[in-house]
Each structure stands twice: as structure tokens, then as C-alpha cells.
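Inspection log for the structure reproduced underneath, given as C-alpha cells.
Number of protein chains: 4
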Amino acid sequence: MTETMRAFVIKQVGETAVVEKPIPEPGPEEAIVRTTAALICTSDVHTVKGALPVEPGRTLGHESVGVVHSLGSAVTGFTEGQRVAVNAVTPCYRCSYCQRGFTSQCGGALGGYKYTTQMDGNMAEYFVVPAAQANLTPIPDRLSDDWAVYSCDMLSTGFMGAEHARLNFGETVAVFAQGPVGLCATMGANLMGAGRIIAVESRPERQALAKRFGADDIVDFTQGDPVEQIMDMTDGEGVDAAIEAFGFPQTFEACLRVTKAGGRVSNIGYHGENPAPLQLPLDAFGLGMNDKAIHTGLCPGGNERMGRLFQLMMSGRIDPTPMTTHTFAFDDISRAFEMMTSKEDGIIKPLITFG
Amino acid sequence: MTETMRAFVIKQVGETAVVEKPIPEPGPEEAIVRTTAALICTSDVHTVKGALPVEPGRTLGHESVGVVHSLGSAVTGFTEGQRVAVNAVTPCYRCSYCQRGFTSQCGGALGGYKYTTQMDGNMAEYFVVPAAQANLTPIPDRLSDDWAVYSCDMLSTGFMGAEHARLNFGETVAVFAQGPVGLCATMGANLMGAGRIIAVESRPERQALAKRFGADDIVDFTQGDPVEQIMDMTDGEGVDAAIEAFGFPQTFEACLRVTKAGGRVSNIGYHGENPAPLQLPLDAFGLGMNDKAIHTGLCPGGNERMGRLFQLMMSGRIDPTPMTTHTFAFDDISRAFEMMTSKEDGIIKPLITFG
Amino acid sequence: MTETMRAFVIKQVGETAVVEKPIPEPGPEEAIVRTTAALICTSDVHTVKGALPVEPGRTLGHESVGVVHSLGSAVTGFTEGQRVAVNAVTPCYRCSYCQRGFTSQCGGALGGYKYTTQMDGNMAEYFVVPAAQANLTPIPDRLSDDWAVYSCDMLSTGFMGAEHARLNFGETVAVFAQGPVGLCATMGANLMGAGRIIAVESRPERQALAKRFGADDIVDFTQGDPVEQIMDMTDGEGVDAAIEAFGFPQTFEACLRVTKAGGRVSNIGYHGENPAPLQLPLDAFGLGMNDKAIHTGLCPGGNERMGRLFQLMMSGRIDPTPMTTHTFAFDDISRAFEMMTSKEDGIIKPLITFG
Amino acid sequence: MTETMRAFVIKQVGETAVVEKPIPEPGPEEAIVRTTAALICTSDVHTVKGALPVEPGRTLGHESVGVVHSLGSAVTGFTEGQRVAVNAVTPCYRCSYCQRGFTSQCGGALGGYKYTTQMDGNMAEYFVVPAAQANLTPIPDRLSDDWAVYSCDMLSTGFMGAEHARLNFGETVAVFAQGPVGLCATMGANLMGAGRIIAVESRPERQALAKRFGADDIVDFTQGDPVEQIMDMTDGEGVDAAIEAFGFPQTFEACLRVTKAGGRVSNIGYHGENPAPLQLPLDAFGLGMNDKAIHTGLCPGGNERMGRLFQLMMSGRIDPTPMTTHTFAFDDISRAFEMMTSKEDGIIKPLITFG
């Protein structure tokens, strides 16, 4: 008799539910993980609103850690019961995109993001890990689940934002929006040598976290045009790089406007909410000739990168846990998801624990 | 009594003239060059139409070679009478932008482009060379002026387009438009390891030159949507990089559409004709997450780079002279400029010779 | 009853033989290829001389192409009977080294090189392909086996040498030794934008091939110190990059000596013959402060890179077949191996064909 | 009547003196700075011992800050009396080496290092600044001289060491020797995203500073082979990068030995003490094939980089002043130099103040 588990699914656009599903079996290159902790991501809120076409009944979630439940025949070097984290993006590592280093684009655009879009997500009691050899990351003993779970998406995405800003030490960077991914971009920019970080954010609790994670200056866009504020703060010269962590055309355009010639715009915002094309005004774009560069990307996965995030936590260089504003048992997942949708009570990231 | 020379100037928007001006004297870091050959650039046609605000009476031109007439006190290692080329962009090499490697953005956006915009251009019998130590390039004896003059803008800009495409050997690149800069981008991509070059162009004589310079395939946009044609040619996958050498929103957008995830869009087109912002449609931009990158830039100057272009000519690896479709004496500069405006008679680049 | 095949093995140091072995069966991630053509590599000559510790009876060879004989259960997108090439290096693509991009160091130093050192090589009628999803490369119909087989090691290694030279267009590079890998480095440097290639070689037939593949100048080291010759040829300044394709301390040191400050030394020579450490003389090394860089590497594998090599052949940009000086049937493999050892009759690469 | 100043000079090998010299006059591109604070560098100790051939009577010193005394005619944007710092390396920014980005190699190997070797150094009451437009760095008001003076050599060189280690966030780096430059390399690696820093040092006071500047682990080479200790600490795998900040063949070789395949060795040690060539043992060098890279370099100058160092100090991210173990008035420069030679009393850097 097949054993079952509970999973948090999208029933149809606008509706979620907890349902029973069979505990999955691993293919030769896969693993099954029993979930111990997870985070809810705003991108699932978008998914439930209908931003992405998803099959009804598909399990949501892509930020989970747990213990190895079973391993496929071709997976070596891991043991059942071992504590592991799995990135939101789980590339095959063997297609031409992966071989070129674009693992998040596994098999084609955004193809490394398999949970929810191509298979069941992992807001469930058990979940499948594709290409487990590369995608299972052992969690060091000293690192608790509530720390490790930030490696699955928030830190990897935010740090990618800082990497694509290609900072030289001491340079100035503006980070637009200090939601969890923007906060991680701030932390990443601070870690990778920024000399000055200007964080754009209006909510006091997020401003405070931004400061804690390394921001030097806060720009509150409710107090005036953030572009003007940043230009004033930089004596009219602008910043070396700007990170877009909001996902709106105005913010994207502002990133272009605040960067000096030779500057980099690094996009990590998800632009699926607003169907209008992003705009590149010709003055800010230097008529196409001002040596600016725009980079895009999607949460990079893989246990090598995850291991480096853990090393930074282990050595005390980063601590993402102040972003966990709320904790719920999986039994209360629906309530947690509602709060993530309404963004009430100053919620940043709700941690979900599994019995 | 001051000696005078003839110079080709903009009198006001829409009007040019040949006028007498004093032969300039060099400041300590400058040199004066007596012009022997020049090319007319389409960007001067734009300037005369009013694309850039330029002081009335300003000398036009930025693609000239000649011989050293006199040297400032701080300039060493050159001799009067020596044959030299000077890039369209003449950076100071000492400001913070230059030190960061963005020499075309000397002092700020597009600031390395000084001829016509900040000082007299060099479509004149004599011209000033700022920061001459870095901006005077000796022309090898074996290289005639009609070859060397292509280093001033066309080859440097086109090759920058190929450099910003960051090709791995054997990759596929599309080059949109085969005007002189686009043709040089084709030549550059071929030189830097492209495995397949798809040139977008409708005029037969430019298609022929594109083939001669390394294009493998021609896409005629009058025969159907070039995006569809390129997607078909690449089995629906798209190209690794696209070079925009036309300067229109549609072409820019097409570049984004034809690149696969992880692809690069390298802009060398001048987008000063059409005031509308460029657009990034969200599907082609992967919602900001498909690892695409967009690079912009402006003709890089400096005698080190110019010397490398000459080396490629000297060793027979490149020959730009098939682009010279017409030759005029400086006496006939007005007629040449008219033809460059009307683009009549299949004109690509008119060479101007000085007595 | 297990079917058998013939394989060319090392019996013990100094002795080879053709033996019968069972035709292998594929694991879930593997494929079996029936060999149609192969090249003999000098590194196998070194192996037989005892340079690497290899288990007696191990099949030699790592430059083979063929057709898919059978596929493991986890391998998709290939079909039995399909023509394929396999690189000498067959990484897993999933370990931390592979994820960091150092696929030739799969699992640890030189670990991507599995044939002969970790498993049977492929100078046999059938051979195993590990991680087949990434390591099987379809051969385009228009490309015959005698072309495709050069992608397995020679072109990939030689081109890596040129890549590590990190050439800007128009720069000068010296390539030390024009054996098959050095010749491919010359071809690669030419393809990737070199402005001048100085090939160091004394044998006339190799000098001729070097010229054919893009060398501008030949330095014959039997006619005087090659360092002095190269310094003279470059007006005492030296070259931008030097590629070591010989594998001796003197050549390595010469590479360091001929590079100017800021220069790159790219090593592709196999330094297993001479046990003495390589030396970095302090003057040529600028007391450790002259911005020189030294890069090492091992033939990169993977079907993405192999596909780009095929594209360069398909478009007519490269043709490696002039290096095939001799052809033998597999029946005559022992004679071919003897000639590769003695280097008699001007042999460069012997092609082995399979019935 | 020419005014005079005092300068600290080398009289002959092994002998120094304070002498009177005329206060210099600036050329058109130069500035004269009146010194307010300086540091003594161990490389001057080497120079006095005879490591570099230096003209008798040459002023020593290359780590000085002060106020602008006078400006050449071509220098703009600075004012007399302005507080400024000047890097030890003062490139022209216009030669081919500078244009290629190798400004420390201005005009040829090590040519950017002009003080003492090509002109009087700046351990004097006044000094000349070549190419002042690029080499004068305004000191922010909030930054005192004893902080600013660390930008002249220590921080720029140490941070270059970390830059050449090309760290991905979270990687492990070993820094060999924690003299002032090694300490700055530790600080730089910490600032640029290292996940674990292993500092090799035996002196307790330097170990303590290393910890303060970001080292996670200390290896005391008097307690056992540092290579073995580091391999043990990394579970036999080795480090991603090693920085050589000592300048001895054994340390250089150890750097190669402790790096894993794909690792980087970044040299900042000055190897002028020991004339023997450095050695690359073939096992640690992977027979030339293990994807290791070796980078060398010399203190990068320029006010753009200096400004970024100041920004890091201004924002509180770095504080180099704990390295100042001793302070002397310029009157006592001879005593200070003696102590720097004997390394007595735990001296790290002595600050010299000018009346």
C-alpha cells in the first residue's frame, strides 16, 4: 500500500489547499527528501494569482530543507537520514545551457526552475530532488534548519544580484526595494566589497534590516523621487551599479537613471506582474553608447554554491535569520500563505516547520 | 600673421559650409596634425540634421589621418612630419572614468567623443589632438592612408560590438544592419572566433560585402520578419549574441528576441534619431531572469588599440577598403556630404583626400 | 554468451597488445559506442613508457568517434546508430569541480581524464561513455569521421591554449612547438583574433603546417636562441602571450622570458617526461610583480564545446585534416603505435579506421 | 634664492642620511606636495641593503600624504593647500602599458614604481607627483592622515592580492605571512567575500591582528609544515586560492601545494632577496594541466582606486590604523628606519609625522 503525505497545492487560480498525495519514489538520478523546514516565497503568491500557467493540483513551494528519505540508484555519497538543503533551481547540469554555465536556464529560458512549473514543488512532507548528485547539499551539523533554509532561494538570488553588479571594492551601489531578496542583495553587496550601499525602501522595519545587513544610506521613495535623492547623495554623479529587486518598470528605469556611465544594472526583480515592456529611456541609456550594461538572472542552484553560502553562515559572516518574522507549523500553512499574500503584520519571511 | 586653413563646418541646423579658420596651436599636451585623408561619418549627417546640439561654426568630422604638424611641450616620442592616425574618441586617460577603463566616457557619459561636440572636428586641413601622447598613432610605412583611416571609427566601433558580444569560439551571432559599422562588426565577429554569422541586410551590395567580411547567412528583412527567419535558421533556439548596428527600437527589440537564454545583446547603433525609449518585452527578456545581458558602448580610442587594428591590417587578416565606394578631393566635400546624406549611388564610405 | 571485441591495451610498461574483451554494457547514465575512427595520441606513448601508473591490461586511447551501440536508461535524446564523437575528457558534470567550471578536474586534479587512467580507453571496437548525456556529441551529416575525430583532443586542447592566452584582437602570441596540439593552438589563436603569431618549430613540414594554420613568423630554435629571436622580432618588447605546447622546462621558461609585462603564459604541454620542477627565473617573473599570469589546463570536454568545434568545421573556418599524415586500419594499430613512438616518416597524426 | 628642504636619502648601499635638497618645482603635468605624514616600507630596507640599483643620494620613501604646495600648468581641479594622498606607484596613464590596464607596468616592467628607482622618493618635506591629474587623491575631511597614508601602498597592494585571488563568495583562501601587506591581503579577502581565511604567521601580535582583520584560522609554521596543516584543515582538499605575501621560494611553493585544482596563486611578496628561481613542482602544478593559475602584480595606483579605499574607510568597513605600532617625528627618521630594519619591539608600521 502506497504511503501518503500532505502537500500544499494550487487547486486553481486564486485557490490553494492541503491535499494528500503518494510519497514519491526516486528515479535513478533522483532523491526523495522528507521536509523539516520551509519558507514561503512571494513568487508562489504570484503563481496562485495566475502569473504563471500551472497545472491544477500542482504542489507549491521551492524553499525547503529536510533529511534524505531515499536515493536513486545512480546517486552516491549521500546517506539516508542525512540533513540536506535543496535549491529552488535544480538543473540537470548536462544540457548545453548547463554546460555553458547558465544552469538556471537548464534546457532553455528559466528551465532550471522546475518546482511548481515542471513538477510538484516542495511545500509538502516529502519531495523529489532531480539530478540529486548536484542538487543535494549536506547541511553542516552546527547549522540549524532555520538558517540553512535561506540558501534555497533568498541568499542565492540576492547574492547573484550583487555578483551581476560586478563591484570593484569600494564602489557605490543602490539596491531598489528591501523585500527579502533585496535585503539579501544588500547583504551580498556588503560582503563583496561595496563601499557604499544605498537602500531604497519605505517601510521602517525593512529599513532597519537593510541597515543591519550593510546599507549605509536609506532612500525613502515616499519622501521624494528616489532618482533625485540618489543623484543628490552622489553629488550628481550617480552610482556604479544598481540592483532591481522590486519588479516594476519604474524601478527598472530608475536603476538605469541612477547609474553613471559604465554602470551596471543587475535585475533580480520578477517582472511578471505587469505585462508592459520595460523601457530604456535614451538619455539614461546614453543613446546606446554610455558603456552601461544590464544583467538578468534567476536563482543559481547547485550544492557547490549552496556550500559556499553555508560556509559564510558557519564563519559568522552572514546571518539571514532576522528576516524570519513569523513561524508556523505546516498545519497552519494556509494562514501563513494568506499573511504572505496580504503582507500584514510586517511579515517578511514566514518559516514553516514540519512535525 | 596667423596662417589659415579650410574647415568643413556646420553653420546652423541643416546647413554646412567650407570656411577659413586659423591653423590651431598646440597646448602642452596636444598635437596639431595636417590632414591627408578622412572619411565622412553618418553621425555627422545626424549632427547636421540637429540630433546633437552643436555650436554654429563648429568644424565637423572625426575620422582623419595625417602628418604631425607640431607637438606640445609635454608630448614625447613623436616627430614632426610623422604619419599618424587619431581616433574619433580622444580621452584624457586621467579622469576617474578613464582610470576605470571607460575611456569613451571620459569625464562623464560620451565625454571621450570631443570632436564636434566639445571642440572643432577634424574635417579640416589641420586639427588638434588632445592628450596626444595617448591619442597619436604612428601609421606603419606599409599601410596607406586609405587603409589606416578605417581605424578612426569604423573598425574600432564595429570591433567593440563584437567584443561586447563576448563570443566563445564557434558561437552564432546575428548582426543587424550592414552599414559600415555593421560590416565592421561582422568582420570583427569573424576575427574573434564566431562559428556562424547571420547578417541582416536588404541591399545587395551590402549583402555582398557582408559575405566577403565573414557572414555565413544573409537575412533580408524585406522578405519576412527577421526574427522569424533567424529563429528558423537556428532550429528555434536563437543565437548566442546579437549586435545592433542600426539604431532603431525595432532592431534593438529584434536583437533581444533572437538571442537564446544567456545571450548577449551588444549595441553599437546610434539611437539619436528616434526619441522613443527602447523597449524590453517581458517574454524576450525572460521576465528579467533569463541570464541575458545588454552591453552598450562608444568607439574606443587610444593608440594602443589603434596599433592592434593596424597589426591586423599589416598581417593581411583584415582589409576594410572595399567599403570605400567613392573618393573625393576635399574641394568636393560638400558634394560628398550630400551623397552621404542621400545615400545615393550605393555609397558606403566616401574617402576625402587632402591636396 | 557475451560478445567480444578487440582492444589495444598496455600489457605492462613498454608493451602493448591487441586483446579480446567483452563488449561492455552501459550503466544508467552511460552509452556504448562502436568505434569507426580514432587517432593515436602521443600521451599514450608516454603512458606506455610508464609516465602514468596504469593497470596492466587497460585499453589505451582517448580520441575516438563512432556510432551509438546502446544507451543507458537515463540517457535521452540520442538514438542507436547515431554518429557521435566523444571527448578525451568525460566529466560527470555534477561534482563540485564540475560545478565550478573546472570540468577537466572532475572529482579532483586531472580527474576528468578517465580513459586509460580510471577505465578502459577507447582504442577498441567498442567503448563506454560516462555521463553520456553531456559527453555524446552528434556528428553533423556533412562532417566525415576523419574531420570529427580532431575534436576529441587536439582541437579542444589547442584551442584551450589559445583561450588561456586571453588575446585581445591584434595582439602577438608565440606558440612553442608545432606538434599537433601546438598546431591547433596556432589555429586557435588565429581564429580568436591574434594579430601576429610566432610559431617556434624546426621541422620543415610542421613549419609549413603552422603557416597554413595562421602563423605569421617561424622561429627555428636550431638556428639560435628562440628567446633572442622573438625579442628581436618584437623590437625588444616581447609578446602579449606565449603558449607552451612542448612540455619541457626550457620551453616553459622561454615562454616566461618572451612575454612582456602583463603577459600571459598558457601551458598546454604535458610535463610528465621530466621530473624536475619548472623554474620561474626572477628577472622574467619581475620579482613576482610584473602582472604576468600563468594558466594551466587539460583538454575540456562536453558536447556543447564539441558542437562549437564542429560548427567551425562546418562553416569552413577550420580544417584540421592536413595533420593526418598517415592512415591505418585497426588491424595495423601496433605498427601505427610504433611509428607514433619513433616519430618516423614525418608522422603527425595517424588515423585509425575500424572495419 | 632656492628654498631647501630635508630629505631622507640612501648615500650608498648600507648607508642612509638626512640631507638638504632644493624644494622641487613642478613641470606642466606635475604637482609638488608638502609632506605631512608618511610610513616606512620594508622595501626601502631592501633597497638600502642593495636589492635594487639606486643612484647614490636618491631620496627614499613612497608612502606619503600631505598638502598641495604647487601645481603644474596642465593640472586642473586641485587647489593649493588641499590635503592629498599619492600612491607609491605613479603611472603616466598614457603609454601602451597603461592603456592596456597594466598601469603598474607603466612604460615596461615595474615602470609605474617611479619613486626612488626613477626619481626622488617622498620621505622628504616636499615631493614631486608625476601625472598629477591622475595621481593626486583628495583626502576627505573626516579622514586623518594616519588613516589615509595606508592607501599609498599597504592597502592597495594587499587588496590587489585579494583581487588576483579572484574569490567567489564563500571560498577559502590562505594568506602566507601577516606582515603589513599580508595583513592587508587578509583584510581585502575578508572584504571581497571570502568564506574562510587561513592566515599563516608565527608572531602572536601579528596573529592577533590577522584575526582582527578577518582571519578565521591561524597556521603557525613553527608548529609544523604549514602545507600539511592547511591540507588537514581542509579535509585534504586544499584551498581555492593562496596569497603569497612573504617573498620566499618555500612560501611560493607552499601556495601552489595548498591550492586545489582550479586554484589561484596570487603573488604580492617581493622576491628580490633570494636570487634563486622560484620552483613549480610538477605534482602541485598538475603536470601543467590542473587548471591552476598564478598571478603577479605591483601596487596599483591612481586616484580612482585610492578614492575607493578612502570610501571603505569612511564607511567604517576597514580600519588599517592598528598596524601603526610606532610613531616618530621626521627628526627621528633614522631611528625609525633602524627599527624597521631590525624589526625590533614588534614593529609593524612606523608612522612618520612632519612638523
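Respectively, the protein sequence lines represent chains A, B, C and D. Start counting the first sequence at 1; every next residue gets the next number (my numbering). Start counting the second sequence at 1001; every next residue gets the next number (my numbering). Start counting the third sequence at 2001; every next residue gets the next number (my numbering). Start counting the fourth sequence at 3001; every next residue gets the next number (my numbering). All C-beta atoms in this analysis are idealised placements derived from N, C-alpha and C, irrespective of residue type, glycine included. All of these numbers come straight from a predicted model, not from anything done at the bench.
Cβ distance (whole Å) where residue i is taken to contact residue j below 8 Å
i	j	result
residue 3023 of chain D	residue 3054 of chain D	Incorrect: roughly 22 Å between the Cβ atoms, too far for contact.
residue 2127 of chain C	residue 2033 of chain C	6 Å
residue 2245 of chain C	residue 2182 of chain C	3 Å
residue 3057 of chain D	residue 2289 of chain C	Going by Cβ atoms, the distance from residue 3057 of chain D to residue 2289 of chain C rounds to 25 Å, so no, they are not a contact pair.
residue 3135 of chain D	residue 3090 of chain D	5 Å
residue 3299 of chain D	residue 3117 of chain D	Actually they are not in contact, since the Cβ atoms of residue 3299 of chain D and residue 3117 of chain D sit about 13 Å apart, beyond 8 Å.
residue 2253 of chain C	residue 2226 of chain C	Their Cβ separation, rounded to whole angstroms, is 11 Å, which puts residue 2253 of chain C and residue 2226 of chain C out of contact at 8 Å.
residue 3215 of chain D	residue 3197 of chain D	5 Å
residue 176 of chain A	residue 284 of chain A	So it is not a contact: roughly 14 Å between Cβ atoms.
C-alpha distance - residue i paired with residue j, whole-angstrom precision
i	j	result
residue 52 of chain A	residue 27 of chain A	27 Å
residue 3165 of chain D	residue 311 of chain A	18 Å
residue 3088 of chain D	residue 270 of chain A	46 Å
residue 2030 of chain C	residue 2049 of chain C	30 Å
residue 340 of chain A	residue 323 of chain A	13 Å
residue 2259 of chain C	residue 3008 of chain D	37 Å
residue 3237 of chain D	residue 2095 of chain C	13 Å
residue 2040 of chain C	residue 98 of chain A	31 Å
residue 154 of chain A	residue 308 of chain A	14 Å
Contact set between residue i and chain C, taken where Cβ atoms lie within less than 9 Å
i	result
residue 99 of chain A	2093, 2103, 2134, 2302, 2303, 2304, 2305
residue 3230 of chain D	Simply none; closest approach about 16 Å.
Buried versus exposed call for residue i [16 or more other C-beta atoms within 10 Å across all chains shown]
i	result
residue 229 of chain A	buried
residue 3063 of chain D	buried
residue 2002 of chain C	exposed
residue 1343 of chain B	exposed
residue 3335 of chain D	exposed
residue 223 of chain A	exposed
residue 3257 of chain D	buried
residue 3302 of chain D	buried
residue 3076 of chain D	exposed
residue 3081 of chain D	exposed
Proximity test, Cβ basis, 8 Å: residue i and chain C
i	result
residue 1087 of chain B	no
residue 1317 of chain B	yes
8 Å Cβ cutoff, residue i in contact with chain B
i	result
residue 3064 of chain D	no
residue 2082 of chain C	no
residue 248 of chain A	no
residue 2207 of chain C	no
residue 180 of chain A	no
Proximal residues of chain A, C-beta to C-beta of residue i below 8 Å
i	result
residue 3308 of chain D	168, 169, 170, 171, 195
Listed by chain order, chain A residues near residue i by CB distance under 7 Å
i	result
residue 1049 of chain B	In chain order: nothing, as chain A lies at least about 14 Å away.
residue 1295 of chain B	293
Contacts of residue i in chain D (Cβ-Cβ under 8 Å)
i	result
residue 1074 of chain B	3027, 3028, 3029, 3074
Below-8 Å beta-carbon distance, residue i vs any chain D residue
i	result
residue 2271 of chain C	yes
Within chain B, the residues that residue i reaches when beta carbons sit closer than 8 Å
i	result
residue 3096 of chain D	1303, 1304, 1307
residue 2160 of chain C	The contacting residues do not exist; residue 2160 of chain C stays about 10 Å from chain B at best.
Residue-chain proximity (residue i, chain A), Cβ-Cβ < 8 Å
i	result
residue 1108 of chain B	yes
residue 3235 of chain D	no
Beta-carbon neighbours of residue i, restricted to chain C and to distances below 8 Å
i	result
residue 131 of chain A	2094
Chain-ordered neighbours of residue i on chain D, where CB pairs are closer than 7 Å
i	result
residue 2190 of chain C	Those within 7 Å of residue 2190 of chain C in chain D number zero; the least Cβ separation is about 21 Å.
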